[in-house]
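Residue numbers (the numbering used here): 13 to 93.
Glycine is no exception: its CB is placed at the ideal position from the N, C-alpha and C atoms.
One structure is given below, encoded as structure tokens.
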């Protein structure tokens, strides 16, 4: 069996490979943090577009009252039932 004589700390599998991986991970982290900051600033300046809801009569009703009851808050069931 041949001995592996090509081991080196400076090969791409050693220290440089680890440094490349760390630099790439830090780069991804910086990119994601910048995306968060940009998104937060945009949301702080224009939180929502209130143009469609200028009047309460402009809101579309999606179901009649009987169907809306299933979406309302329900009282919790007791253990006796």
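Start and end residues, alpha helix (DSSP H) containing residue 17
On the chain shown, position 5 is the one that residue 17 refers to. Here residue 17 belongs to no alpha helix (DSSP H), and DSSP marks it neither H nor E.
8 Å Cβ shell around residue 69 - same chain, five flanking residues per side excluded
Position 57 of the chain shown, counting from 1, holds the residue named residue 69. Correct list: empty, nothing qualifies.
Quick check on residue 39: does DSSP put it in helix, strand or coil?
Numbered from its first residue, the chain shown carries residue 39 at position 27. Helix at residue 39.
Determine the direct distance from the alpha carbon of residue 30 to that of residue 15, and round the result to whole angstroms.
Working through the chain shown from its first residue, we reach residue 15 at position 3. Working through the chain shown from its first residue, we reach residue 30 at position 18. If I take the Cα positions, the gap works out to 25 Å.
Check residue 53 in the structure and name its three-state DSSP category.
Within the chain shown, residue 53 is the residue found at index 41, counting from 1. Residue 53: helix per DSSP, three-state reduction.
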